[in-house]
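In the numbering used here, the protein residues as written are 1226 to 1750. Using N, Cα and C, we set each Cβ at its ideal position, and we do this for glycine too. Computed from a prediction, not measured in an experiment: that's the story for all the values here.
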Amino acid sequence: MPRASESGFPIPPLYGPDDVADGLAERLGAPGEYPYTRGVYASMYTGRPWTMRQYAGFGTAKESNERYRHLVAQGTGGLSVAFDLPTQMGYDSDDPVASGEVGKVGVAIDSLEDMRILFDQIPLDTVSTSMTINAPASVLLLLYALVAEEKGIAGSQLTGTIQNDVLKEYIARGTYIYPPQQSLRLITDIFGYCRTELPKWNTISISGYHMAEAGATPTQEIAFTLADGIEYVRAAVASGQDVDDFAPRLAFFFVSRTTLLEEVAKFRAARRIWARVMKEEFGAKDPKSMMLRFHTQTAGVQLTAQQPEVNLVRVTVQGLAAVLGGTQSLHTNSYDEAIALPTVKAATLALRTQQVLAYETDVTATVDPFAGSYVMEAMTDEVEAGARKLMDQVEEMGGAVAAIEKGFQKSEIEQAAYSVALGIDSGERVVVGLNRYRSESEERYEPLRVDPSIEADQRERLRVLRAGRDQVAVDRAIEAMKAAAAGTDNVLPPMREALKELATVGEVCGALREVWGTYTPQEFF
1226 MPRASESGFP
1236 IPPLYGPDDV
1246 ADGLAERLGA
1256 PGEYPYTRGV
1266 YASMYTGRPW
1276 TMRQYAGFGT
1286 AKESNERYRH
1296 LVAQGTGGLS
1306 VAFDLPTQMG
1316 YDSDDPVASG
1326 EVGKVGVAID
1336 SLEDMRILFD
1346 QIPLDTVSTS
1356 MTINAPASVL
1366 LLLYALVAEE
1376 KGIAGSQLTG
1386 TIQNDVLKEY
1396 IARGTYIYPP
1406 QQSLRLITDI
1416 FGYCRTELPK
1426 WNTISISGYH
1436 MAEAGATPTQ
1446 EIAFTLADGI
1456 EYVRAAVASG
1466 QDVDDFAPRL
1476 AFFFVSRTTL
1486 LEEVAKFRAA
1496 RRIWARVMKE
1506 EFGAKDPKSM
1516 MLRFHTQTAG
1526 VQLTAQQPEV
1536 NLVRVTVQGL
1546 AAVLGGTQSL
1556 HTNSYDEAIA
1566 LPTVKAATLA
1576 LRTQQVLAYE
1586 TDVTATVDPF
1596 AGSYVMEAMT
1606 DEVEAGARKL
1616 MDQVEEMGGA
1626 VAAIEKGFQK
1636 SEIEQAAYSV
1646 ALGIDSGERV
1656 VVGLNRYRSE
1666 SEERYEPLRV
1676 DPSIEADQRE
1686 RLRVLRAGRD
1696 QVAVDRAIEA
1706 MKAAAAGTDN
1716 VLPPMREALK
1726 ELATVGEVCG
1736 ALREVWGTYT
1746 PQEFF
């Protein structure tokens, strides 16, 4: 009986020329040329490898800084910051809502002082930094730029990415603050601000990763991600910005699963769809506006707490799929992440996995190794057609925001997740070490633990900060920011002034809550 792909397409035992649609040369193009099926750069990894970016952040800024300095010393070219839940939701560590969560799933950042410690002795002019932050993305980006300025580094020198993708929060993750329209307003303000102040910064990383972790198939992942991207572009154009002024700084973020062939096809299909959308729908002229550049993270949801060392094998396959698919940067998960925050040893091994792929294999010796493969071209066409169909459904509902409000994407993803769960429970879907090839006795594993005293320490730091700052200057800057938010002026300049005067993350986000309100999800039955 033939197997089926993750997206539900049959996988024949043998592919041939009849399985590949006509017009192959036109659909493929050359590497670095429209429609970028074969990669966004002509030389790809034959010139230089992808950016090896490791995701880390836990406890205090000091602890996370130590991990970053270790990773830089081990050869990573890019940092990726994980923030704790209170920071992601725009609350300070001393807010009652934050109790019990400070420093647990990422680093706690409450103010400019914390950001100074987080990036102490990190060369911000040479290291690219990605920040997984969404609703408060503007706040954390400005804090980062202020720290760089104190180091004598101009905004024009900074490179990196803020995730800043709020629409997927309403679909799959939940760390939203403001209603959709106000969130889109803030995102377009970030686009406008960075155009002049941080021109090399990637202003958004439109994310399918979290949808995939929630259960989306590869086809759903790129369909709903690209639909969100279209919504962001429309919002920016509606605000008066020219598409070629901001589109070259858009970036994407996808997962890479163990189903290597379909994942490679997914990346190729996504590039082709986005290039055509930008050219045909938005009239982009700059080739960079049509390039889908993306970061990849290996699939955390596929890691197991049982026999965690087996995750090293999974991550290697997943990382290889991302490389063969043409990613611009890659984070490889640590083998112990299904249990707790990664240890130093595990994080180092994850980085070494990328280094082996880059320097010991021959996959970087040629551009797009799979091009012309019957199976790859057929799968790419199938994923593209399936994604286009879902994107058309989103459009028929009025676009991504309207579809979110109807619960469409969430419902589709939940159905896919349920199907996967049934397959694992029945044994039809094999997970090594979990439902097959289990070990009767497993070695005890000692996970990394976060010190519970961190919350009290952060509270005390906030007390001292508030007592020592110029409260009149803080209040004046906050009021200016609220006035901008209530009107049409860009909110980032007054927000920057408030943060420079040591306003906290929670105070800034709280002020915007007063003006814009908060989002309350609807229940769908």
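Going straight from the alpha carbon of residue i to that of residue j, what length do you get?
| i | j | result |
| --- | --- | --- |
| Leu-1549 | Thr-1605 | 13 angstroms |
| Ile-1402 | Ala-1250 | 46 angstroms |
| Gly-1264 | Phe-1519 | 11 angstroms |
| Gln-1579 | Ala-1710 | 43 angstroms |
| Arg-1493 | Val-1540 | 20 angstroms |
| Gln-1445 | Ile-1638 | 7 angstroms |
| Glu-1736 | Lys-1707 | In the sequence as presented, Glu is not what sits at residue 1736; that position holds Ala. Cα to Cα, the separation comes out at about 7 angstroms. |
| Glu-1562 | Pro-1405 | 32 angstroms |
| Thr-1312 | Ala-1547 | 30 angstroms |
| Gly-1731 | Asp-1350 | 28 angstroms |
| Ile-1447 | Ala-1612 | 7 angstroms |
| Leu-1537 | Arg-1273 | 25 angstroms |
| Val-1332 | Val-1526 | 21 angstroms |
| Leu-1485 | Val-1645 | 17 angstroms |
| Pro-1256 | Phe-1477 | 19 angstroms |
| Gly-1233 | Glu-1607 | 10 angstroms |
| Val-1535 | Ser-1651 | 22 angstroms |
| Val-1352 | Gly-1302 | 6 angstroms |
| Ala-1575 | Val-1740 | 44 angstroms |
| Ser-1408 | Val-1391 | 7 angstroms |
| Thr-1442 | Lys-1376 | 44 angstroms |
| Tyr-1280 | Asp-1243 | 43 angstroms |
| Phe-1507 | Asp-1470 | 12 angstroms |
| Arg-1501 | Leu-1717 | 32 angstroms |
| Arg-1674 | Ala-1565 | 7 angstroms |
| Gly-1631 | Glu-1609 | Sequence inspection shows Lys at residue 1631; the Gly mentioned does not correspond to that position. Each residue's Cα considered, the two are about 24 angstroms apart. |
| Met-1277 | Gly-1454 | 25 angstroms |
| Gly-1248 | Ile-1498 | 16 angstroms |
| Thr-1450 | Ala-1472 | 15 angstroms |
| Glu-1328 | Ala-1286 | It is Gly, not Glu, that sits at residue 1328 in the sequence shown. Their backbone Cα atoms lie some 9 angstroms apart in a straight line. |
| Phe-1750 | Ala-1628 | With a pLDDT of 39 at Phe-1750, under the threshold of 50, the predicted position of this residue should be treated as unreliable, though the coordinate-derived value follows. Roughly 15 angstroms separates the two Cα atoms. |
| Gln-1618 | Val-1588 | 37 angstroms |
| Ser-1559 | Glu-1231 | 24 angstroms |
| Glu-1422 | Leu-1371 | 12 angstroms |
| Thr-1743 | Cys-1734 | 11 angstroms |
| Gly-1300 | Arg-1294 | 10 angstroms |
| Ala-1373 | Gly-1380 | 8 angstroms |
| Ala-1583 | Gly-1624 | 40 angstroms |
| Arg-1738 | Gly-1417 | 22 angstroms |
So, under 8 angstroms CB-CB, residue i and residue j are touching, yes? Tell me the CB distance rounded to an integer number of Å.
| i | j | result |
| --- | --- | --- |
| Tyr-1369 | Ile-1412 | Actually they are not in contact, since the Cβ atoms of Tyr-1369 and Ile-1412 sit about 17 angstroms apart, beyond 8 angstroms. |
| Thr-1268 | Leu-1343 | Per the sequence shown, residue 1268 should be read as Ser rather than Thr. In fact, because the Cβ distance is near 35 angstroms, the residues do not count as touching under 8 angstroms. |
| Thr-1552 | Trp-1275 | 6 angstroms |
| Glu-1726 | Asp-1695 | 6 angstroms |
| Ala-1437 | Val-1480 | 4 angstroms |
| Glu-1394 | Ala-1362 | Not quite, the Cβ-Cβ distance comes to about 11 angstroms (not below 8 angstroms), so this is no contact. |
| Val-1489 | Met-1340 | No, Val-1489 and Met-1340 are not in contact; Cβ-Cβ is about 38 angstroms, not under 8 angstroms. |
| Leu-1724 | Leu-1367 | 5 angstroms |
| Ile-1347 | Asn-1389 | The pair is not a contact, with the Cβ atoms about 21 angstroms apart (cut-off 8 angstroms). |
| Arg-1482 | Asn-1427 | Between Asn-1427 and Arg-1482 the Cβ distance is about 24 angstroms, and since that is not below 8 angstroms, they are no contact. |
| Ala-1590 | Thr-1271 | 7 angstroms |
| Ala-1728 | Pro-1719 | Going by Cβ atoms, the distance from Ala-1728 to Pro-1719 rounds to 10 angstroms, so no, they are not a contact pair. |
| Ala-1603 | Val-1245 | 6 angstroms |
Run through the DSSP bridge pairs and tell me what residue i is partnered with.
| i | result |
| --- | --- |
| His-1520 | Phe-1478, Ser-1554 |
| Arg-1228 | Ile-1236 |
| Tyr-1280 | Ser-1305 |
| Glu-1598 | According to the sequence provided, residue 1598 is Ser. The question's Glu does not apply to it. None; Ser-1598 has no bridge partner. |
| Arg-1273 | Arg-1273 pairs with nothing; no bridge assigned. |
| Val-1657 | Arg-1661 |
| Ile-1387 | Met-1356 |
Check whether the Cβ of residue i sits closer than 7 angstroms to any heavy atom of the ligand FAD, and report yes or no.
| i | result |
| --- | --- |
| Tyr-1395 | Among the components modelled here there is no ligand, and therefore nothing to report on the ligand FAD. |
- Would you check if there are 3 or more beta carbon pairs closer than 8 angstroms linking the segment 1307-1322 to the segment 1675-1693? yes
- What are the complete alpha helix (DSSP H) segments, minimum 4 residues, inside the segment 1681-1745? 1696-1711, 1717-1725, 1730-1741
- Message: Going residue by residue through the segment 1324-1371, where are the continuous beta strand (DSSP E) segments of at least 3 residues, counting only ones entirely within it?
- Response: 1353-1357
- Message: Quick check: the segment 1568-1587 against the segment 1454-1473, are at least 3 beta-carbon pairs closer than 8 angstroms?
- Response: no
- Can you list, in chain order, the stretches of the beta strand (DSSP E) that have 3 or more residues and sit fully within the segment 1424-1496? 1429-1432, 1475-1481
- Any alpha helix (DSSP H) of 4 or more consecutive residues that is wholly inside the segment 1392-1425: 1405-1422
- Indicate whether the contact test is met: 3 or more Cβ pairs, each with one atom in the segment 1297-1310 and one in the segment 1653-1663, closer than 8 angstroms. no
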